[in-house]
Every structure is written in structure tokens, then in C-alpha cells.
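Input: a single structure, listed below in C-alpha cells.
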Amino acid sequence: MDKHQSITSAISLLLIITIINMNRQCYCVYIYGLVLHNPIPDDLGLKNSLHHHLLSSPVPDQSRNHRYETIDDDDDDNNFSNKGKKNSISFQHHNQQQQKFSNNNRIKCRQDSDCIDDNGPENGPMMYCDQHYSYCDYFRQIGELCRYDSQCDNGLICMFGQCEKPFETGHPGARCKDSDDCNAGLCCARQNGEYICKPKLKHGQQCFVPLGGLDYSLNELCPCDEGLECTFRTKNSRRKRKNENVMRCAFTTSNL
Numbered sequence: 001m002d003k004h005q006s007i008t009s010a011i012s013l014l015l016i017i018t019i020i021n022m023n024r025q026c027y028c029v030y031i032y033g034l035v036l037h038n039p040i041p042d043d044l045g046l047k048n049s050l051h052h053h054l055l056s057s058p059v060p061d062q063s064r065n066h067r068y069e070t071i072d073d074d075d076d077d078n079n080f081s082n083k084g085k086k087n088s089i090s091f092q093h094h095n096q097q098q099q100k101f102s103n104n105n106r107i108k109c110r111q112d113s114d115c116i117d118d119n120g121p122e123n124g125p126m127m128y129c130d131q132h133y134s135y136c137d138y139f140r141q142i143g144e145l146c147r148y149d150s151q152c153d154n155g156l157i158c159m160f161g162q163c164e165k166p167f168e169t170g171h172p173g174a175r176c177k178d179s180d181d182c183n184a185g186l187c188c189a190r191q192n193g194e195y196i197c198k199p200k201l202k203h204g205q206q207c208f209v210p211l212g213g214l215d216y217s218l219n220e221l222c223p224c225d226e227g228l229e230c231t232f233r234t235k236n237s238r239r240k241r242k243n244e245n246v247m248r249c250a251f252t253t254s255n256l
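With full-length UniProt numbering as the guide, the letters of the sequence shown map in order to residues 1 to 256.
Here is the structure:
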């Protein structure tokens, strides 16, 4: 009798371990009842037990599997003025970019006319042909990154790498070809590689410029304003060589 009970207990233990490994809670109720001589619950009790198990089970966080891909993510590396300026149109353009690239629906092109949709809405967003990548893209809005004026929407220009409204001609910040394009008191000089109208230096402002190099090529200083000259503030020749950056705009000798 003892041997029979030992065999029964061993079989029961084996069944229990198997059930735990298989995670079959519904069958577990029946087998427990048969092996351990417990009353077997009805179907309603099993359904309630299963329902409770489903509700108590942890739900995997599907958001961890989401991946977001954007275009021109490297635009965050640039510290341009008014960089954070966005409007609803630019966000709409960004969403269109997301959908277009995620679906791999790029329209190949060679010229802007290849990007005209004759069946599209009359007031729908216009597209141009990006000559570098040879596919159609939407025109950029204010604050969005650009490489050329042709990438910006009507009335906008590409200044310092992003689409902006142009300044009034001749005023500070306006594009120019030479100083004749700028108003009085301004000169045409490079700012971040772009020729714009900049104010001439006033009395006491630092006026030293290097002989050349990349820094000078990207950002130029205007000369001193009328009646001023760029000169050292000390008569010591040794200090002149060591402190060239102390050169300031000062009144000319004839004006003293």
C-alpha cells in the first residue's frame, strides 16, 4: 500500500511540474481535482478563472517597438538664428515628409515639371525637383532647412541654411553684390558666407581683421564709418605686435 501511494504521489508531482511548465491553468484545475481528489469546478468557474488570468497578465508595451525615422535630422547641429521658428504649415510638411519616405513613394524627376500633379488639388502643396537626389520634394516653409532659394516656398529665400522672409533691399541683413546695393552707413560683407548689408564700424569698435583664412572668408567686418580710421590704441610697437586685436575705430587726425 505504501508503495502504491509513493507511485501515486510521484505521478502527481510529475503532472504538477509539467502543468507549471506548460502554463495551462485551465487543465490544471481538472488534473488537480482528479489527482488530489478535490471537487472539479463547473465551466463557469473555469471561465472566470481564465478571465481573471487574462486581466492580471502584464500587457507588453508596444510603444517600445515603435521606431521614428526623420529626414534631415542633422539640422539640429546648426545654430542658426530663429531656428526654432515653426508654423502649422511646416509641421504639415514634416508629416508629409514622414509619410512619403516611410512608404518609399519617392517620385523620380529630372526637372521641376516632372513634379507637377495635374490631378492634384488646385491649392495643394507644390513640389520641386531636388537635383541632388533626383526626386520630388515639397517646398520648404519658414524656419525649415534648405540649400537653395529654389527649395523655399514663394516669397521666401534660403538664408544661412533655412528659409526666411527677405529683408528690405538696402537695409541691414538684405542680400547684396557690392556696397552700392546698401544704404548709407552700411557695407556689403559676408556673414556666414552670405553677402549681406552690414553696418559700418562705429567709434571705439574693434576693427582688426586677419590677413586671410577661413574665418575672414566666412565673416567679414565692414570698415570704419566716415571720419574714422582703424588704428592702434597704444604707441608701443611691441604691444602692437602682441595685441593686434586692440585696433579700434578712432577719429582721424584731421578731425581731432
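Cβ coordinates follow ideal geometry from the N, Cα and C atoms, glycine included.
Looking at the DSSP output, Phe232 shares a beta bridge with no other residue. A residue is called buried when at least 16 other Cβ atoms come within 10 angstroms of its Cβ; Lys198 meets this threshold and is buried. Residue state for Asp178 is assigned as coil, using DSSP reduced to three classes. Taking each of Ser150, Ile116, Asp181 and Leu145 in turn and checking the Cα distance to Gly170, the smallest one comes out for Asp181. From the listed residues Asn192, Gly193 and Pro172, the smallest Cα separation to Asn183 is found for Pro172. Here Lys202 is near Asp225, since their CB atoms are less than 8 Å apart. Residue burial annotation: Gln141 is buried, with at least 16 other C-beta atoms found within 10 angstroms of its C-beta. DSSP, read as helix, strand or coil, puts Ala10 in helix.
Scanning Cys249, Ala189 and Ser9 for the CA closest to the CA of Gly227 turns up Cys249. Its chain contains no residue whose beta carbon lies nearer than 8 Å to that of Leu13 once the 5 sequence neighbours on both sides are disregarded.
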